[in-house]
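Heads up: the structure comes next, in C-alpha cells.
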Amino acid sequence: ALAEAERQIAARIGPRTAEDNAPPRKPGGSSGNAKKKKNAKGGEGVNGETTSGKRDPTAETEEETLDPFAGIPSTFEARHLDVMVNSEELIADQNRVTGGRVMTRFPPEPNGYLHIGHAKAMFLDFGYARKMGGECVLRFDDTNPETERQEYIDSIEEMVRWLGHEPARVTYSSDYFEKLYELCVELIRRDKAYVCHQTGAEISRDRENMLD
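This note's numbering numbers the first residue of the sequence shown as 68 and each following residue consecutively.
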C-alpha cells in the first residue's frame, strides 16, 4: 500500500528530491546545544516523559502511534451562548434521527482541486466520526454553479478515498435548496433572521467603517 501511495504521489507531483528524504526539522532548531540543555535537565522517560517528570510535547505515545485518531478529543467545548443551547425536545428529535450516533460532514465546494488544508479538515471530520463510531457525509457545497464543474467533483471524491476515508454517503447542497428556502422563511417569521437589501458596494463600505 505504501509503495502504491508513493507511486501515485510521484505521478502527480514528480519524484522525491534530496530535501524530501532529509529528516524533518524539529521546531526551535536542532543544534547540539539545545540537545545538551535538554539532557542536562533530564533524559527521556516513558511515553515521551523526561526524568524530570515533564512530558515532551513533541513525543508521540504508543497509543498515538498505533491509532492516528487518538489525539482527537472525544468532546469539544464551544463558546457558550444561551440562544445556541438546544432544548431537550430538539436533542430527543436528533437522537431519533441519528440513533444517538455522532454524524459529521466534510463540505468542500466543487470549484477547484483540494489542497493540503483540506487534508487536515478531512482528518478531523472523518477521524472524529470514526473514533466515536459514527459516520461522516461528503457534502458538496454546490451553491455557485458558475464556478463548479463535474471534473472537480470527481477529483474530490477520488482524493477523499485516496486518503483512506469512506463517506457514509455523498450529498449536494443543491438538493436541499427548496427546504433551505422554507427554513429561511420560517426564521424570518420568528424574527430570527432578515433579508439584507444592501448592494455589494454598500456592504464593502460598511465593513471598512465597521458598521452593523
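For glycine and all other residues, C-beta sits at the position ideal for the given N, C-alpha and C.
inquiry  = Report the start-end ranges of each alpha helix (DSSP H) in the stretch 213-250 that is 4 residues or longer and not cut off at the edges.
reply    = 217-229
Own chain, CB closer than 6 angstroms to A260, minus 5 neighbours either side, in chain order: L254
Pair every Cβ in the stretch 212-220 with every Cβ in the stretch 176-184, then say whether three or more of these pairs are closer than 8 angstroms.
yes
### Query
Y195 and V237: beta carbons closer than 8 angstroms?
no
What is the rounded straight-line gap between the Cα of M226 and the Cα of A85? 26 angstroms
* Cutoff 8 angstroms: Y239 Cβ touching any chain D Cβ -> The structure shown contains no chain D; it holds only a single protein chain.
*Run of the beta strand (DSSP E) containing T171, from where it starts to where it stops*: First-last of the beta strand (DSSP E) with T171: 170-173.
How is F190 classed by DSSP in three states: helix, strand or coil?
-> If DSSP states are grouped into helix, strand and coil, F190 belongs with the helices.
### Task
Report buried or exposed for C263, applying the criterion of at least 16 other Cβ atoms within 10 angstroms of its Cβ.
Exposed, by the Cβ-count rule.
Notebook entry, point to check: If you draw a straight line from the C-alpha of K102 to the C-alpha of R92, how long is it?
Noted result: Here the model assigns K102 a pLDDT of 45, short of 50, so the residue's position is not dependable and the matter cannot be decided.
- Query: Where does the unbroken beta strand (DSSP E) through R83 begin, and where does it stop?
  - Reply: It is not in any beta strand (DSSP E) - R83 carries neither H nor E in the DSSP assignment.
First and last residue of the uninterrupted beta strand (DSSP E) at L205
Taken as a continuous stretch (DSSP letters only), the beta strand (DSSP E) holding L205 covers 202-207.
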